Amino acid sequence: MNIQDIYEYASVGDLQALELLSLEGGIYLLQAQVDGQIHSIRMQDGTMLRLRSVTHARELLEGLPATVPFHLVHCEVHTEMCGCSLGTTPPFREPIPLGSAW
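Position one of the sequence shown corresponds to residue 26 (this note's numbering), numbered consecutively onward.
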(Lines of atoms letter the chains of each structure in order from A and count residues from 1; the text may use other names and numbers.)
(Lines give C-alpha, C1' and ligand atoms only; values in the text may rest on other atoms or scores of the structure.)
Protein backbone atom coordinates (compact mmCIF):
# COMPACT_ATOMS: atom_id res chain seq x y z
CA MET A 1 0.00 0.00 0.00
CA ASN A 2 1.24 3.53 -0.75
CA ILE A 3 0.13 7.07 0.09
CA GLN A 4 -2.14 7.28 -2.95
CA ASP A 5 -3.94 4.14 -1.75
CA ILE A 6 -4.54 5.78 1.65
CA TYR A 7 -6.27 8.73 0.00
CA GLU A 8 -8.35 6.41 -2.20
CA TYR A 9 -9.49 4.29 0.76
CA ALA A 10 -10.27 7.44 2.75
CA SER A 11 -12.35 8.89 -0.10
CA VAL A 12 -14.71 5.90 -0.01
CA GLY A 13 -14.72 5.62 3.80
CA ASP A 14 -12.73 2.38 4.04
CA LEU A 15 -9.71 3.80 5.90
CA GLN A 16 -10.31 2.75 9.51
CA ALA A 17 -7.19 4.12 11.23
CA LEU A 18 -3.57 5.20 10.84
CA GLU A 19 -0.62 4.40 13.08
CA LEU A 20 2.72 6.17 13.13
CA LEU A 21 5.31 3.79 14.58
CA SER A 22 8.16 5.52 16.41
CA LEU A 23 11.34 3.45 16.17
CA GLU A 24 14.79 3.85 17.67
CA GLY A 25 16.97 6.28 15.76
CA GLY A 26 14.25 8.82 14.96
CA ILE A 27 12.59 6.67 12.30
CA TYR A 28 8.83 6.74 11.86
CA LEU A 29 6.88 4.20 9.81
CA LEU A 30 3.26 4.59 8.77
CA GLN A 31 0.62 1.85 8.85
CA ALA A 32 -2.99 1.94 7.68
CA GLN A 33 -5.89 -0.21 8.82
CA VAL A 34 -8.31 -1.19 6.04
CA ASP A 35 -10.93 -3.95 6.37
CA GLY A 36 -9.47 -4.97 9.73
CA GLN A 37 -6.01 -5.57 8.22
CA ILE A 38 -2.87 -3.54 9.01
CA HIS A 39 -0.86 -2.49 5.94
CA SER A 40 2.61 -0.96 5.97
CA ILE A 41 2.91 2.10 3.75
CA ARG A 42 5.57 1.80 1.08
CA MET A 43 7.22 4.01 -1.51
CA GLN A 44 6.50 3.46 -5.21
CA ASP A 45 9.64 1.28 -5.46
CA GLY A 46 8.37 -1.03 -2.69
CA THR A 47 10.68 0.17 0.10
CA MET A 48 9.20 1.23 3.43
CA LEU A 49 8.14 4.86 3.65
CA ARG A 50 10.32 6.41 6.38
CA LEU A 51 9.19 9.66 7.91
CA ARG A 52 11.28 12.12 9.93
CA SER A 53 8.72 13.26 12.49
CA VAL A 54 5.07 13.53 13.47
CA THR A 55 5.00 16.86 11.61
CA HIS A 56 6.33 15.18 8.46
CA ALA A 57 3.53 12.59 8.70
CA ARG A 58 0.90 15.29 9.20
CA GLU A 59 2.16 17.18 6.14
CA LEU A 60 1.97 14.00 4.06
CA LEU A 61 -1.57 13.24 5.30
CA GLU A 62 -2.83 16.82 5.14
CA GLY A 63 -5.81 16.15 2.85
CA LEU A 64 -7.31 13.29 4.86
CA PRO A 65 -10.50 13.75 6.89
CA ALA A 66 -9.79 14.72 10.50
CA THR A 67 -12.15 11.93 11.62
CA VAL A 68 -9.65 9.18 10.71
CA PRO A 69 -8.16 7.89 13.99
CA PHE A 70 -4.40 8.54 14.11
CA HIS A 71 -2.12 7.09 16.80
CA LEU A 72 1.54 7.50 17.65
CA VAL A 73 2.82 4.07 18.68
CA HIS A 74 5.92 3.57 20.85
CA CYS A 75 7.36 0.18 21.74
CA GLU A 76 8.31 -0.59 25.33
CA VAL A 77 11.23 1.71 26.11
CA HIS A 78 13.26 -0.98 27.96
CA THR A 79 13.07 -3.28 24.94
CA GLU A 80 14.22 -0.45 22.67
CA MET A 81 17.07 0.67 24.90
CA CYS A 82 18.64 -2.56 26.05
CA GLY A 83 16.80 -5.39 24.34
CA CYS A 84 15.33 -6.84 27.51
CA SER A 85 11.66 -7.05 28.23
CA LEU A 86 10.06 -7.47 31.63
CA GLY A 87 7.15 -9.41 30.18
CA THR A 88 4.66 -8.77 27.46
CA THR A 89 3.89 -5.09 27.56
CA PRO A 90 1.67 -3.75 24.79
CA PRO A 91 3.04 -0.79 22.84
CA PHE A 92 2.15 2.67 24.08
CA ARG A 93 -0.53 4.14 21.77
CA GLU A 94 -1.19 7.86 21.98
CA PRO A 95 -4.03 9.36 19.92
CA ILE A 96 -2.88 12.46 18.07
CA PRO A 97 -4.74 14.82 15.73
CA LEU A 98 -4.09 14.62 11.99
CA GLY A 99 -3.96 18.40 11.82
CA SER A 100 -1.22 20.53 13.29
CA ALA A 101 -1.47 21.46 16.93
CA TRP A 102 0.07 24.89 16.20
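Heads up, the beta-carbon is just placed ideally off N, CA and C, and yes, glycines get one too.
In this text the structure is predicted, and so the values were computed from the model without any measurement.
Exclusion of the five residues before and after HIS99 leaves SER47, PRO116 and PHE117 as the residues of its chain whose Cβ lies within less than 7 Å of its Cβ.
Non-local beta-carbon contacts of HIS96 in its own chain, meaning distances under 6 Å to residues more than five positions away in sequence, involve GLU44, ARG118 and PRO120 in chain order. The continuous alpha helix (DSSP H) containing GLN29 extends over residues 28-36. Cβ neighbours of VAL79 within its own chain (closer than 8 Å, five residues either side excluded): LEU45, TYR53, LEU97 and ILE121. Contact annotation: the stretch 30-39 does not touch the stretch 68-76, with fewer than three C-beta pairs closer than 8 Å. The three-state secondary structure of GLU84, taken from DSSP, is helix.
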